[in-house]
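Undergrad:
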Amino acid sequence: MSAFMSAFAHLVGSLADLLQPLFHGASTAAAIVLFTALVRLAVHPLSRAAARGQKARTRLQPQIAELRKKHGKNPERMQKAIMELHAAEKVSPLSGCLPSLLQMPAFFLLYHLFSSGSIGGEPNALLSHDLLGAPLGGRWHDALAAGGVLGGNGLVYVGLFTLVLAVATFSYRLTRRQMAANPVNPATGPDGQPLPGMGAMAKMMPLLSFATLITVAVVPLAAALYVVTTTAWSAAERAWLYRDVYRDRDRDTAAAGGAVATAA
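Using my numbering, the first residue of the sequence shown is number 2, and each one after it goes up by one.
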């Protein structure tokens, strides 16, 4: 593990050296953003596959509803029939989880790298790097102790929180539009009945994007930069991958509004 962390630290340092002529003292922070973008670019094909899978699952909802109705008294047969339908349509219920799961190691690497005083038995030189004066290994409570919310370090976090809030609001609206355009039947248990609490969870889902604010507040600044960058990428990527869904929803809404106006 020590050798692996040393190699990762060398990678971050090399990216920082590459970007130093452009970003000077903020080159390490820029290297983290670039590293995050490279990770997201690497998993983008999986994100595209996940989007196709989600659209396919939505398209299969009427057939799944029929299977639940047909085999409602035989939960095992119902689950088998649904799995067979997914297999026949080449749809994986878990495909949407892969992009997020594959990004987690990169986040934990950055978290560990900027939380460790030494790497490979040597002092961690990356901890001396900063973003506009805020140490990349520091946390929000350190910034507050160093000068308060409006201190030099605190303002860096104010900027991050503002960006996170803007991205979270955008993601919230995207999720609401997507859920309205593609209503999904609630998950069911072995008896074929909706699982308790799933309705409330579905209502809370659009609000999960705001949880990023908590993450940014408690992790090292370097890891917070990763979170902010990947969250912004996710929002932009989702808006692009599901643009046809949103377009169809807006067209249907406009048509319905026009019909009501005509009837009136």
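Just so you know, even glycine gets a beta-carbon here, dropped at the ideal spot from N, CA and C.
Quick check: the region 8 to 28 against the region 138 to 149, are at least 3 beta-carbon pairs closer than 8 Å?
TA: Verdict: no, contact absent.
Undergrad: Taking the continuous alpha helix (DSSP H) assigned at G138, which residues delimit it?
TA: Here residue 138 refers to the residue found at position 137 when the sequence shown is read from its first residue. No alpha helix (DSSP H) holds G138; DSSP gives it neither H nor E.
Undergrad: Would A169 and T231 be called neighbours here (beta carbons separated by less than 9 Å)?
TA: Position 168 of the sequence shown holds residue 169. Position 230 of the sequence shown holds residue 231. Not in contact: A169 and T231 (Cβ atoms no closer than 9 Å).
Undergrad: Would you list the one or two residues that DSSP bridges to I215?
TA: Within the sequence shown, residue 215 is the residue found at index 214, counting from 1. Beta-bridge pairing links I215 to no other residue.
Undergrad: Should P221 be labelled buried (16 or more other beta-carbon atoms within 10 Å of its own) or exposed?
TA: Start at 1 with the first residue of the sequence shown, and residue 221 comes out as number 220. Buried, by the Cβ-count rule.
Undergrad: Starting from G54, trace the alpha helix (DSSP H) both ways and give me its first and last residue.
TA: Translated into the one-based positions of the sequence shown, residue 54 becomes position 53. Taken as a continuous stretch (DSSP letters only), the alpha helix (DSSP H) holding G54 covers S28 to R60.
Undergrad: DSSP has D131 in a bridge; who is on the other side?
TA: Start at 1 with the first residue of the sequence shown, and residue 131 comes out as number 130. DSSP, once it has assigned bridges, lists P136 as partnering D131.
Undergrad: Beta-carbon within less than 7 Å of R60's beta-carbon, same chain only, minus the 5 sequence neighbours each way: which residues are those?
TA: Counting from one through the sequence shown, the residue named residue 60 turns up at place 59. For R60, where only same-chain residues beyond five positions count, there are no Cβ hits under 7 Å.
Undergrad: Quick one: measure Cβ to Cβ for I83 and A223, integer angstroms, because I've assumed they're closer than 8 Å.
TA: Taking the sequence shown and counting its residues from 1, one reaches residue 83 at position 82. Taking the sequence shown and counting its residues from 1, one reaches residue 223 at position 222. About 43 Å separates the two Cβ atoms, so there is no contact after all.
Undergrad: Rounding to the nearest angstrom, what Cα-Cα distance links Q64 and V159 in this structure?
TA: Walking along the sequence shown from the start, residue 64 turns up at place 63. Walking along the sequence shown from the start, residue 159 turns up at place 158. Near 49 Å, if we compare the C-alpha coordinates of V159 and Q64.
Undergrad: How long is the line joining the alpha carbons of G190 and L47, rounded to whole angstroms?
TA: Here residue 190 refers to the residue found at position 189 when the sequence shown is read from its first residue. Here residue 47 refers to the residue found at position 46 when the sequence shown is read from its first residue. Here G190 scores only 48 on pLDDT, less than 50, and its place in the model should not be relied on; the value that follows carries that caveat. So the two alpha carbons sit approximately 28 Å from each other.
Undergrad: Skipping 5 residues on each side, what residues in its chain have a beta carbon closer than 7 Å to that of L267?
TA: With the chain represented from 2 up to 265, any question about residue 267 goes unanswered, as that position is not in the structure.
Undergrad: Decide if the region 122 to 132 is in contact with the region 97 to 111; the criterion is three or more beta carbon pairs, one per stretch, under 8 Å apart.
TA: No contact exists between the region 122 to 132 and the region 97 to 111.
Undergrad: Check each candidate in I215, L166 and R244 and name the one with the smallest Cα separation from R178.
TA: To locate residue 178, count along the sequence shown from 1; it is residue 177. When only C-alpha atoms are compared, the closest one is R244.
Undergrad: Candidates A38, A88 and R69: which alpha carbon is nearest L226's?
TA: For the purposes of this step, residue 226 is identified with residue 225 of the sequence shown, where counting begins at 1. Per the Cα distances, A38.
Undergrad: Can you list, in chain order, the residues of its chain with a C-beta nearer than 8 Å to that of L23? Leave out the 5 residues immediately preceding and following it.
TA: Here residue 23 corresponds to residue number 22 of the sequence shown, with the count starting at 1. A31, listed in sequence order.
Undergrad: According to DSSP, what are the bridge partners of P124?
TA: If you number the sequence shown from 1, residue 124 lands on position 123. Note: P124 sits in a beta bridge opposite S119.
Undergrad: From D131 to Y173, what distance separates their C-alpha atoms?
TA: The residue you call residue 131 lines up with position 130 of the sequence shown. The residue you call residue 173 lines up with position 172 of the sequence shown. Approximately 31 Å, taken between the alpha carbons.
Undergrad: Under 9 Å between C-beta atoms, does D143 make it to chain B?
TA: Looking for chain B here will not work: only one protein chain is present.
Undergrad: Distance, Cα to Cα, V13 vs Q104?
TA: Position 12 of the sequence shown, counted from the start, is the residue given in the question as residue 13. Position 103 of the sequence shown, counted from the start, is the residue given in the question as residue 104. Cα to Cα, the separation comes out at about 17 Å.
Undergrad: Rounded to a whole number of angstroms, what is the C-alpha to C-alpha distance between S129 and L214?
TA: Position 128 of the sequence shown, counted from the start, is the residue given in the question as residue 129. Position 213 of the sequence shown, counted from the start, is the residue given in the question as residue 214. Computed Cα separation, rounded: 25 Å.
Undergrad: Can you grab the Cα-Cα spacing for the pair A50 / L86, in whole Å?
TA: Mapped onto the sequence shown, residue 50 falls at position 49. Mapped onto the sequence shown, residue 86 falls at position 85. Each residue's Cα considered, the two are about 18 Å apart.
Undergrad: Could you tell me how far apart the beta carbons of H113 and M6 are, in whole angstroms, since I believe they sit closer than 8 Å?
TA: As a working mapping, residue 113 is identified with position 112 in the sequence shown. As a working mapping, residue 6 is identified with position 5 in the sequence shown. About 7 Å; that satisfies the 8 Å criterion.
Undergrad: Let me make sure I understand the geometry here. Which of H72, K81, A17 and L161 has the alpha-carbon closest to that of V219?
TA: Residue numbering aside, residue 219 sits at position 218 when the sequence shown is read from its first letter. The residue with the shortest Cα to Cα distance from V219 is L161.
Undergrad: What number of angstroms, rounded off, separates the C-alpha of Q21 from the C-alpha of S15?
TA: The count along the sequence shown starts at 1 and reaches residue 21 at position 20. The count along the sequence shown starts at 1 and reaches residue 15 at position 14. The straight-line gap from Cα to Cα measures roughly 10 Å.
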